[in-house]
Structures are given as structure tokens and as C-alpha cells.
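Engineer:
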Amino acid sequence: MKRLSIILFVMTFFATMMSAQDTAVARYAYLGKFKKSKITVSLWFEENNNGVVSGEIVYTNSKQKTPMRVIGNVLVENGIKTYTLNEYQRHGRISGRMQISQKINSNAINGSWRNDDDPDKPTSYQMVLTPATFPQGKGGTLEYSSDPAGIYHYTHQHFWKGEIGGRVEIHNLKGDADKMRVSITKNDPHIAEYESHLYFDGGRLHGAIETCDLTFDIHVFKDFVWVINTSEGTGECSEFGAFTTLNGIYLKE
């Protein structure tokens, strides 16, 4: 009996450790200025172990100073850590894209911002970023949701594809609290569509399209979902339009 108690304790300990590691986040904050302009910003974001990045940006010289959501991912390659962030307006439209790069173990930070809304006159700026104190009362955007039901979407004006975007709908099914009806439609600019009933498990839904040997996870956070392929290769599916996948970040309505 004593041995069984020890085994149960060890199993519980490692399960707790794995959960903590899976949800651990690093926090960063910056004050920024767009070169050759009067635009100044305040930016903070969190990064989890899966490479998801989430936070807010405030244009500090604007009249309202309304925080805007920024969501993206991080890539480490050749000793350089690069954050790619989308800036979202309230209705899910991507109004800007940022890229922030920093050599590992270095204080040198390079940043850029661009907007492709006008294909004939794309706007871009280099950013001067200064590390700042993480704002009090902020954070928690990368906590997994206990209630995935909702509608999530994004739209973006691509400089040569035109209007592109995607939509995720998650609905509870009566009689089974953990089973959801999930529908994904993505225009990139070809169409990728998926609809099925999936089980919700600790902030995640796991899906598959067997005819394409495609598997993917839907990570459900406080106000957005992140769809990422988990099968090997590109995850492209012959049932979709060419070079189109379900991958993407979708902001909650």
C-alpha cells in the first residue's frame, strides 16, 4: 500500500510539472518609436512553450490610446530569436504586422512594422525599441480557456492576393459537455474547409482528415484560437485549394 502511494505521488508530481511547463510564459515589454515619424508605441507580450505570442500595443500619441491585440509566434534560428506579430482591430481585421528580432544573449533589438492595406502604397517603418517594465495588471492572455464555444476570425488585405481571411466556429453539443461541433473555413486565397465533432481537452481540440493523413490541434485561449498542423510535412491536403491549410490565428468576435 505504501509503495502504491509513492507511485501515485510520483505520477501526480510529474503530471503537475508537465502541466506547469506546458503553460509557462515569459513576459516582455517595450517602448517604441517609428523611425522618420512621430509615431510612438507601448508594447507588451507573453510567449509560451509552444511558441505562441500574445499581448497588446498602444499608440501612445493617439487621442484614445486604445490597446490593440497583437498575436503571433516566435522562431529561433541561427542564434536569432524572431517574433512575428499581427496587430488586430476589434472586428478581427489585421491592421499591421510587426517583426522583432534579437540575438540570443544580446541586448540589441531590431523591429519593423508594415501595413499592406493599400497594395499600391504599402506602409513600412523601422522601429526603435527600448525594454520597459511589464505593465501592472496585464498578462494572462495565454491561459487556456475552459469554454471554447465562440466564433473566431480574421481578415487581411494581402498585397497581391487581395482580401483573405479565415473563420472558426465552435459550438457545444447538447448531452455531451466535452464534445464540440467545430467548423473552419479559410480563404488564402484558395479555400480550405473542415467540419466535425471534436472532444475538448484542457484547452485543446484534436482533429484529423484521414484521407489526407492530416492531423492538427486547435489551441483555445482567452480571446483567440491557434490552429496548427501536427502531421509531418506541410500538412497540405488535396481536398483544399493549392497551398492552403487550416493553420492560422483567429481572434474571438
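Just so we're aligned, residue 1162 is where the sequence shown starts under the working numbering, counting upward by one. Note that the Cβ used here is the ideal one computed from N, Cα and C, for glycine as well.
Within its chain, find whatever has a CB closer than 6 Å to the CB of residue 1345; leave out the 5 residues flanking it on each side and keep chain order.
Structural biologist: On the sequence shown, position 184 is the one that residue 1345 refers to. Contacts found: 1329, 1355, 1407.
Engineer: Between 1347, 1372, 1373, 1340, which has its C-alpha nearest residue 1415's C-alpha?
Structural biologist: Residue 1415 lies beyond the stretch modelled for the chain, which goes from 1162 to 1414, so this question has no answer here.
Engineer: Can you give, in chain order, each stretch of the beta strand (DSSP E) that sits fully within the region 1202 to 1229 and has at least 3 residues?
Structural biologist: Taking only runs of at least 3 residues, the beta strand (DSSP E) segments lying wholly in the region 1202 to 1229 are 1213 to 1220.
Engineer: Look at the Cβ atom of residue 1401, then the Cβ atom of residue 1331, and state whether they are nearer than 8 Å.
Structural biologist: Here residue 1401 refers to the residue found at position 240 when the sequence shown is read from its first residue. Here residue 1331 refers to the residue found at position 170 when the sequence shown is read from its first residue. For residue 1401 and residue 1331, no; Cβs fall outside 8 Å.
Engineer: May I ask which residues mark the beginning and end of the beta strand (DSSP E) holding residue 1300?
Structural biologist: Within the sequence shown, the letter at position 139 stands for residue 1300. No beta strand (DSSP E) holds residue 1300; DSSP gives it neither H nor E.
Engineer: Taking only the alpha-carbon atoms, compute the straight-line gap between residue 1272 and residue 1294 and give it to the nearest angstrom.
Structural biologist: Within the sequence shown, numbered from 1, the residue matching residue 1272 stands at position 111. Within the sequence shown, numbered from 1, the residue matching residue 1294 stands at position 133. Those two C-alpha atoms are separated by around 18 Å.
Engineer: Near residue 1364, which residues of its chain fall below 7 Å by C-beta distance, leaving aside the five closest residues on each side in sequence?
Structural biologist: Reading the sequence shown from its first residue, position 203 is the one you call residue 1364. If we look at residue 1364 and ignore the five residues flanking it on each side, its Cβ neighbours are 1305, 1306, 1380, 1381.
Engineer: By the 10 Å Cβ neighbour count, where 16 or more other Cβ atoms means buried, how is residue 1410 classified, buried or exposed?
Structural biologist: Counting from one through the sequence shown, the residue named residue 1410 turns up at place 249. Per the 10 Å Cβ criterion, buried.
Engineer: For the pair the region 1313 to 1320 and the region 1198 to 1214, tell me if three or more CB-CB distances fall below 8 Å.
Structural biologist: Contact between the region 1313 to 1320 and the region 1198 to 1214 is absent, because fewer than three Cβ pairs lie under 8 Å.
Engineer: Check residue 1414 in the structure and name its three-state DSSP category.
Structural biologist: Position 253 of the sequence shown, counted from the start, is the residue given in the question as residue 1414. It is coil, neither helix nor strand.
Engineer: According to DSSP, is residue 1172 helix, strand or coil?
Structural biologist: Here residue 1172 refers to the residue found at position 11 when the sequence shown is read from its first residue. Bear in mind that a pLDDT of 33 at residue 1172, under 50, signals an unreliable position, so the model cannot answer this.
Engineer: In terms of DSSP beta bridges, what is residue 1251 paired with?
Structural biologist: The sequence position of residue 1251 within the sequence shown is 90, counting from 1. Note: residue 1251 sits in no beta bridge, so no partner.
Engineer: Do residue 1231 and residue 1216 have their C-beta atoms closer together than 8 Å?
Structural biologist: Residue mapping note: residue 1231 aligns to position 70 of the sequence shown, counting from 1. Residue mapping note: residue 1216 aligns to position 55 of the sequence shown, counting from 1. Against a cut-off of 8 Å, the Cβ pair of residue 1216 and residue 1231 comes out as a contact.
Engineer: Let me know if residue 1412 comes out buried or exposed under the rule of 16 or more other beta-carbons within 10 Å of its beta-carbon.
Structural biologist: To locate residue 1412, count along the sequence shown from 1; it is residue 251. Looking at its Cβ environment, which holds 16 or more other Cβ atoms inside 10 Å, residue 1412 is buried.
Engineer: Go ahead and pull the three-state DSSP assignment for residue 1371.
Structural biologist: On the sequence shown, position 210 is the one that residue 1371 refers to. Three-state DSSP puts residue 1371 in a helix.
Engineer: Suppose you measure from the CA of residue 1310 to the CA of residue 1357; what does that come to, to the nearest Å?
Structural biologist: The count along the sequence shown starts at 1 and reaches residue 1310 at position 149. The count along the sequence shown starts at 1 and reaches residue 1357 at position 196. About 14 Å.
Engineer: Roughly how many angstroms separate the alpha carbons of residue 1370 and residue 1270, rounded to a whole number?
Structural biologist: Here residue 1370 corresponds to residue number 209 of the sequence shown, with the count starting at 1. Here residue 1270 corresponds to residue number 109 of the sequence shown, with the count starting at 1. Looking at the two C-alpha atoms, the distance is approximately 41 Å.
Engineer: Taking all protein chains shown into account, decide if residue 1418 is buried (16 or more other Cβ within 10 angstroms of its Cβ) or exposed.
Structural biologist: Given that the chain is displayed from residue 1162 to residue 1414, the structure contains no residue 1418 and the question cannot be resolved.
Engineer: Would you decide whether residue 1182 is buried or exposed? Buried here means 16 or more other CB atoms lie within 10 Å of its CB.
Structural biologist: Position 21 of the sequence shown, counting from 1, holds the residue named residue 1182. Bear in mind that a pLDDT of 39 at residue 1182, under 50, signals an unreliable position, so the model cannot answer this.
Engineer: Consult DSSP for residue 1182 and reduce its assignment to one of helix, strand or coil.
Structural biologist: As a first step, residue 1182 is located in the sequence shown; it is residue number 21 there, counting from the start. With a pLDDT of 39 at residue 1182, under the threshold of 50, the modelled position of this residue cannot be trusted; read the value that follows with caution. If DSSP states are grouped into helix, strand and coil, residue 1182 belongs with the helices.
Engineer: What is the residue span of the beta strand (DSSP E) that residue 1400 lies within?
Structural biologist: Reading the sequence shown from its first residue, position 239 is the one you call residue 1400. From DSSP, residue 1400 is part of no beta strand (DSSP E); its letter is neither H nor E.
Engineer: Does residue 1387 come out as helix, strand or coil in the three-state DSSP assignment?
Structural biologist: In the sequence shown, residue 1387 corresponds to position 226, counting from 1. Of the three classes helix, strand and coil, the one that applies to residue 1387 here is strand, per DSSP.
Engineer: Please state whether DSSP places residue 1320 in a helix, a strand or coil.
Structural biologist: Counting from 1 along the sequence shown, the entry for residue 1320 is found at position 159. Note: residue 1320 maps to coil in three-state DSSP.
Engineer: Are residue 1302 and residue 1242 closer than 8 Å when you measure CB to CB?
Structural biologist: Indexing the sequence shown from 1 puts residue 1302 at position 141. Indexing the sequence shown from 1 puts residue 1242 at position 81. Not closer than 8 Å, so no.
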